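Novice:
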Amino acid sequence: MTDALQVELVAADRVVWSGGATMVIARTVDGDVGVLRGHAPVLSALTDAVVEITPEEGTEVIATVDGGFLSVANDRVSILSEHVLLAHEIDLSKAEVELEEARRLLGTNDDAEKRIRRAEARIRAVEKAS
């Protein structure tokens with residue numbers, strides 16, 4: 002495990018995933034970031050998007066975050082968000098309904114764009130995991 006990144010994916014109410022990984026991909030406000038061993042230190046804000054973790058063993062971890070922060074230092078990666086859902090925890094039909102409802106509200110509701118981003122991220126996570 003000495004060749005692995007130490008990764009923690011944390012929501013406000015739980016540690017969602019923790020362990021050794023070979024790669025992490027997340028979307029920051031400045032764009033997508035791929036993290037491998039030896040990555041330069043980074044502290045960045047996350048957008049509502051999919052996070053991909055390639056663990057040392059087992060299947061790829063696909064999750065969505067509702068914003069938050071990414072911290073990388075000394076081969077340790079922390080992903081902190083108020084809400085985190087693993088792909089298998091997402092109800093695809095509910096996310097599709099949420100997307101359609103948010104699209105109908107676009108232009109009339111201040112939260113519509115944020116709801117669209119979150120629903121699209123959840124749909125992408127389920128698609129990536131299948």
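In terms of the working numbering, the sequence shown opens at residue 2 and continues consecutively. Positions of the beta carbon are idealized from the N, C-alpha and C atoms, including for glycine. Note that the structure is a prediction, hence the values are computed from the model and not measured.
1. Considering only C-alpha positions, which residue in the set ASP49, ALA130 and ASP76 is nearest to ASP67?
2. Helix, strand or coil: which one does DSSP assign to SER131?
3. Between GLY69, ASN75 and VAL78, which lies nearest to ARG119 when the distance is taken from Cα to Cα?
4. At a Cβ threshold of 8 Å, is ALA120 touching chain C?
5. Shortest alpha-carbon distance to VAL85 belongs to which of ASP76, ALA27, VAL98 and ALA41?
6. Roughly how many whole angstroms lie between the Cα atoms of VAL36 and ASP4?
7. With a floor of 4 residues, list each alpha helix (DSSP H) that falls wholly inside the region 57-119, ordered by position along the chain.
8. State the Cα-Cα distance for the pair ALA113 and LEU100, rounded to the nearest angstrom.
9. Could you spell out where the beta strand (DSSP E) holding ASP33 opens and where it closes?
10. Would you give the residue range spanned by the beta strand (DSSP E) that ALA22 belongs to?
11. Tell me whether VAL8 sits in a helix, a strand or coil according to DSSP, three-state version.
12. Which one of ILE63, GLY39, ARG116 and ASP33 has the shortest CA to CA distance from ARG77?
13. Compute the Euclidean distance between the alpha carbons of GLY20 and GLU53, then round it to the nearest angstrom.
14. Since LYS129 and ALA88 are thought to touch, with beta carbons under 8 Å apart, how far apart are those beta carbons, to the nearest angstrom?
Specialist: Reading from the atomic positions:
1. The closest CA to that of ASP67, considering only ASP49, ALA130 and ASP76, is found on ASP49.
2. In the three-state DSSP reduction, SER131 falls in the coil class, being neither helix nor strand.
3. For ARG119, the closest of GLY69, ASN75 and VAL78 by C-alpha to C-alpha distance is GLY69.
4. Here there is only one protein chain, and chain C is not present.
5. Measuring from the Cα of VAL85, the nearest candidate turns out to be ALA27.
6. Each residue's alpha carbon lies about 13 Å from the other.
7. Counting whole runs of 4 or more residues, the region 57-119 contains the alpha helix (DSSP H) stretches 93-106.
8. Distance between the alpha carbons of ALA113 and LEU100 is about 9 Å.
9. Boundaries of the beta strand (DSSP E) harbouring ASP33: 32-36, taken from the DSSP string.
10. Membership of ALA22 in the beta strand (DSSP E) is indicated by the continuous run 15-29.
11. Strand, per DSSP.
12. Among ILE63, GLY39, ARG116 and ASP33, the Cα nearest to that of ARG77 is on GLY39.
13. One C-alpha to the other measures close to 13 Å.
14. Going by Cβ atoms, the distance from LYS129 to ALA88 rounds to 7 Å, so yes, they are a contact pair.
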